Amino acid sequence: MSLMTDTALVLFSGGQDSTTCLFWAKEQFKNVEALGFKYGQKHEVELKQAQLIAEKAQVPFKVIDISGMLQGSALTEHDKDMSAPHELNEELPASFVPGRNAVFLTIAISHAFTRNITDIVGGMCQADFSGYPDCRRVFIDSLQTTMSLALDKDVRIHTPLMYKSKAEAWKLAHDLGVLDIVRDMSHTDYNGDRSTYNEWGYGKLDNPASILRAKGYEEAKAKGWLG
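Numbers given in this note's numbering equal positions in the sequence shown, counted from 1, plus 104.
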């Protein structure tokens, strides 16, 4: 069922979750635009895939370069061990980028405001989140309120995967009719590998993101959710 609004801006990295959300948004909104960020991420190939997916989806895609703004993560400091705990907080994974979603969403909402867009879509997920505090709905709600006050205009941040497991995210991709696109074109591998193809897509099981993606696919397949 459509949300009956005109346009949404999707935070789009080219990963599994944001790709699924891009096509979810196309089902919900009359017009969809996408926004990505270049922030020095190790797996920058993700943005190349994002461009290809956006072209296939016929969605305008803009990339904003904020390189150097976000640090303190194995995703941005490439000599760090991706599988280790975060050096500033052992309860967080090394891949945690401090404040990333706060920065992304703030810039995205500001950009959307200039285009008279009040609906933002993001792939944040609390159920399967990898220990990232900025993926929790309580944070999203807080920022939604803050930005609505900052702009004196109601902002809505939609997170269709928030309470879904990774297996359920695969099911949604199937239900949207874009399983092949999500599997073959989206990129998750933190180390940027696109030479190794598996039934769950490209990547190697040497980083937490690929492991989570693969396990989710296997679970969804075992439950008969993928046709």
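Just so it is clear, CB atoms sit at the ideal spot from N, CA and C, and this is done for glycine as well. A quick note: this is a predicted structure, and the numbers were derived from the prediction, not measured.
Query                                                                                                                                                                   : Result
On the criterion of 16 or more Cβ atoms from any shown chain inside 10 Å, does L253 qualify as buried, or is it exposed?                                                : exposed
Under 8 Å, do P264 and C125 count as touching if we go by C-beta distance?                                                                                              : yes
Please specify which runs of the alpha helix (DSSP H), each continuous and at least 4 residues long, are wholly inside the stretch 214-257, giving them in chain order. : 241-255
Can you check DSSP and say which residues form a bridge with N135?                                                                                                      : T111
Do F141 and I170 have their beta-carbon atoms positioned less than 8 Å apart in this structure?                                                                         : yes
If the criterion is Cβ atoms closer than 8 Å, does the pair Q153 and M289 meet it?                                                                                      : yes
Among the residues of its own chain, which have a CB less than 6 Å from the CB of I221, if the five just before and after it don't count?                               : T111 and L113
Should E303 go down as buried or exposed, given a rule of 16 or more other Cβ atoms within 10 Å for buried?                                                             : exposed
Distance, Cα to Cα, P189 vs I315?                                                                                                                                       : Model confidence at P189 stands at a pLDDT of 43, short of 50, so the residue's coordinates are unreliable and nothing is read from them.
Mapping DSSP to helix, strand and coil, what is K142?                                                                                                                   : strand
From the DSSP output, which residues share a beta bridge with K327?                                                                                                     : Answer is none; K327 lacks a bridge partner.
So for H262, helix, strand or coil by DSSP?                                                                                                                             : strand
Measure the alpha-carbon distance for F133 versus F127 and round it to whole angstroms.                                                                                 : 10 Å
Answer yes or no: do D151 and L115 have a C-beta to C-beta separation smaller than 8 Å?                                                                                 : Note that residue 151 corresponds to Leu in the displayed sequence, not to Asp. Taking 8 Å as the Cβ cut-off, L151 and L115 do not qualify as a contacting pair.
Helix, strand or coil for I168, going by three-state DSSP, please let me know.                                                                                          : strand
Cα-Cα, which of E137, K160 and R298 is closest to V282?                                                                                                                 : K160
Please report the Cβ distance between T210 and M266, rounded to the nearest whole angstrom; I am assuming they are in contact, meaning their Cβ atoms lie under 8 Å.    : Actually they do not touch by this definition, with Cβ atoms about 19 Å apart.
With a Cβ-Cβ cutoff of 8 Å, do V167 and I213 count as a contact?                                                                                                        : no
In its own chain, which residues sit with a C-beta less than 7 Å from the C-beta of L330, not counting the 5 before and 5 after it?                                     : W274, H278, L283 and A324
If you run the structure through DSSP and keep just helix, strand and coil, what is N295?                                                                               : coil
Have a look at K327 and L255 and give me their C-alpha separation to the nearest angstrom.                                                                              : 45 Å
Could you tell me the boundaries of the alpha helix (DSSP H) in which W274 lies?                                                                                        : K270 to D279
Can you check which of these residues, Y294, D223 and Q230, is closest to N135 by C-alpha distance?                                                                     : D223
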